[in-house]
Amino acid sequence: MALSHNFTSGPIAGPLFLFALPVMGALLLQSLYGAVDLFIVGHFASSADVSAVSTGSQILQTFTMLTASFSMGITILLGQYIGAGRGKEGGTIAGSGICLCLLLGLFFTFCLTVFAPTFAGWMNAPAEAFEKTVSYIRICGGGMVVIICYNLIGSLFRGIGDSKTPLMTVAIASVFNTFGDLLLVAFFHQGAAGAALATVAAQTLSVVISYVIIKKRGLPFPFSLSMVRLHGATALRIVKLGLPIALQDLLVGLSFLLIMSIVNRIGLTASASIGVSEKICGFIMLIPGSFMQSMSAFVAQNVGAQRFDRAEKALFSGIAMGLAAGVCMFTLSFFYGTHLTALFTSDEAVVLGAADYLKAYAIDCLLTSVLFSSIGFFNGLGMTRFVMVQGIVGAFGVRVPVSYLMSLEVPPRLFHIGLATPASSAVQILLCVIAFLYVKEKRKN
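The opening residue of the sequence shown carries number 1 in the UniProt record's numbering; numbering runs sequentially from there.
Below, the structure written as structure tokens:
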């Protein structure tokens, strides 16, 4: 199997854009994945089931996000090895990565199945939905190994320069998840438990199909099941690359939960407004998010090939393309926010409040075009500890404190609270610029 994209020679902007498109598609489908669950459960089950899926999915998303972030270490290391012409050693990376993720999956399975009531309690699941929430968490937790393998496959393929196959596997899972939801929730009336079973079954099928594809196409390096073990130095490098990314994403996610807690103190309308605007922002951020993932793989190959000049050009190309999309997202969010928020609620006060908050995020659309590509660049360089530090500084040094201070305004305005996010991005960009200049100077010497 040849590489789908060899990023170490030829044009830069075109291949980077074409590589990012399937990544964007996969992220979009993943965003819609949970929405479909809620939509079907909302139409064919009780409100307690809706609450269970909504609450339980937040827990599962946290664990899945940790796995996906950790798996980025595999993408980076594999890309660097392939770029360095050491692709034949990719089997040890894949084997170590699979072993690490299986161990992580077993640990997560234990935590989610045994401590499901504890997690439901932490999330303040309503009494009438508590048992359904516990059931949802346990079923999905029982399939955590499969869910982890599902995310691992995407990391492996992106590492070898293939972003189309992960899109296909996500599409397969999405289609079968929808059919599973309709069958188990709408026809057999299994509620939240049915939605959980459909999720695990769909991702199991996707993993099986992915395995068949790998067996048929092969990989650009020797690989066999006997290689699925911890190869000491390789496994350690994956951990050193992936763990900081996972910790950063976990802590950044926690910072947004803290902001939600701050806003919840203001009142019901403010809380609902933030909830609506966050849903919209999730879709808006798909574009810079796709460039971040694509940049990591692109830069990793060029770093391995000692083509730092191409890595830098890729960074600026990604920023330029991201900004072009960012300007469109800014215009849409800032000037037409009420049209977007009205899609999610008919409450006029919530529509206006969410649109006010969205104006602050509109500014962030421009900044994240620079920031996310920069994060992908530093991930590709292997500087994941720096990425972790700048993320934590932005989250807890700027975003949370500014949100709290703005909430003390009388009366508090959601636009001002929302400005904490672009303020954080601005500080993080400054840190990235300093790090970029440091790396550039170090390369000269």
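No residue lacks a Cβ here, since even glycine has one placed at the ideal position from N, Cα and C.
Start-to-end residues for the alpha helix (DSSP H) that takes in residue i
i, result
"glutamine 138", "In the sequence as presented, glutamine is not what sits at residue 138; that position holds arginine. Taken as a continuous stretch (DSSP letters only), the alpha helix (DSSP H) holding arginine 138 covers 130 to 142."
"glutamate 348", "348 to 381"
"phenylalanine 63", "47 to 83"
"serine 277", "268 to 284"
"proline 166", "164 to 181"
"tyrosine 438", "420 to 444"
"alanine 311", "308 to 335"
"isoleucine 262", "232 to 264"
"methionine 123", "From DSSP, methionine 123 is part of no alpha helix (DSSP H); its letter is neither H nor E."
"serine 403", "400 to 407"
"threonine 204", "191 to 217"
"methionine 227", "No alpha helix (DSSP H) holds methionine 227; DSSP gives it neither H nor E."
"phenylalanine 108", "90 to 114"
"threonine 384", "384 to 392"
"leucine 27", "13 to 44"
Inter-residue spacing [alpha-carbon to alpha-carbon] between residue i and residue j
i, j, result
"methionine 227", "isoleucine 98", "9 angstroms"
"valine 389", "glutamine 248", "8 angstroms"
"proline 22", "proline 220", "20 angstroms"
"leucine 100", "leucine 236", "10 angstroms"
"phenylalanine 70", "methionine 321", "27 angstroms"
"threonine 199", "cysteine 140", "7 angstroms"
"glycine 142", "serine 374", "37 angstroms"
"leucine 27", "glycine 289", "8 angstroms"
"phenylalanine 377", "glycine 180", "39 angstroms"
"valine 350", "alanine 270", "7 angstroms"
"threonine 133", "leucine 104", "23 angstroms"
"aspartate 309", "glutamate 441", "13 angstroms"
"proline 411", "asparagine 124", "28 angstroms"
"isoleucine 319", "leucine 152", "27 angstroms"
"leucine 184", "phenylalanine 44", "10 angstroms"
"residue 460", "tyrosine 150", "In the structure as shown, the chain begins at 1 and stops at 445. Residue 460 is therefore absent and cannot be evaluated."
"phenylalanine 436", "isoleucine 429", "10 angstroms"
"leucine 257", "isoleucine 434", "29 angstroms"
"arginine 413", "methionine 406", "8 angstroms"
"glycine 194", "proline 126", "20 angstroms"
"isoleucine 392", "asparagine 379", "15 angstroms"
"leucine 431", "tyrosine 438", "11 angstroms"
"phenylalanine 334", "methionine 285", "15 angstroms"
"leucine 225", "lysine 215", "12 angstroms"
"proline 11", "serine 317", "11 angstroms"
"phenylalanine 283", "glutamine 306", "35 angstroms"
"valine 212", "serine 163", "17 angstroms"
"leucine 156", "proline 244", "19 angstroms"
Of the residues the options, the one placed nearest residue i, counting alpha carbons only
i, options, result
"isoleucine 209", "Phe377, Gly95, Val146", "Val146"
"leucine 366", "Leu332, Phe386, Arg399, Leu340", "Leu332"
"valine 239", "Gly391, Ala45, Thr384", "Thr384"
"glutamine 190", "Ser425, Ile76, Ala48", "Ala48"
"methionine 260", "Phe39, Pro401, Phe187, Phe107", "Pro401"
"leucine 254", "Val41, Leu18, Ile59", "Ile59"
"glutamate 312", "Gly25, Arg443, Gln428, Thr62", "Arg443"
"leucine 182", "Thr165, Lys164, Ala202", "Ala202"
"leucine 250", "Gly10, Thr64, Gly25", "Thr64"
"isoleucine 266", "Lys279, Met329, Leu408, Glu348", "Leu408"
Other residues of its chain near residue i: CB distance less than 7 angstroms, five sequence neighbours each side excluded
i, result
"tyrosine 81", "Gly87, Glu89, Gly90, Ile93, Gly304"
"alanine 2", "For alanine 2, the pLDDT reaches just 49, beneath the cut-off of 50, and the residue's location in the model is therefore unreliable, although a value from the coordinates is still provided. Excluding sequence neighbours, alanine 2 sits near Pro220."
"isoleucine 360", "At residue 360 the sequence reads alanine, which differs from the isoleucine that was named. So the list reads Phe415, Gly418, Leu419, Thr421, Pro422, once near-sequence residues are dropped."
"glutamine 30", "Val170"
"phenylalanine 7", "Pro15, Gly161, Phe298, Gln301, Asn302"
"serine 46", "Gly191"
"residue 451", "The structure shown has nothing for residue 451, since the chain only spans 1 to 445."
"phenylalanine 17", "Met321"
"valine 53", "Asp37, Leu38, Val41, Tyr136, Ala192, Ala195"
Cβ neighbours of residue i in the same chain (closer than 6 angstroms, five flanking residues each side left out)
i, result
"proline 422", "Ile363, Asp364, Leu367"
"arginine 158", "Thr75, Ala297"
"arginine 138", "Thr113, Ala116"
"glutamate 128", "Ala48"
"threonine 341", "Val276, Val351, Ala354, Ala355"
"leucine 205", "Phe176"
"cysteine 281", "Tyr361"
"threonine 67", "Ile148, Asn151"
"leucine 371", "Ser425, Gln428, Ile429"
"serine 174", "Leu29, Tyr33"
"alanine 325", "Ile287"
"glycine 154", "Pro166"
Cβ-heavy atom distance, residue i to the ligand NAD, below 7 angstroms
i, result
"lysine 240", "This structure does not include the ligand NAD; it has no bound ligands of any sort."
Same chain, Cβ closer than 8 angstroms to residue i, neighbours up to 5 away in sequence not counted
i, result
"leucine 230", "Ser96, Cys99, Leu100"
"phenylalanine 188", "Gly194"
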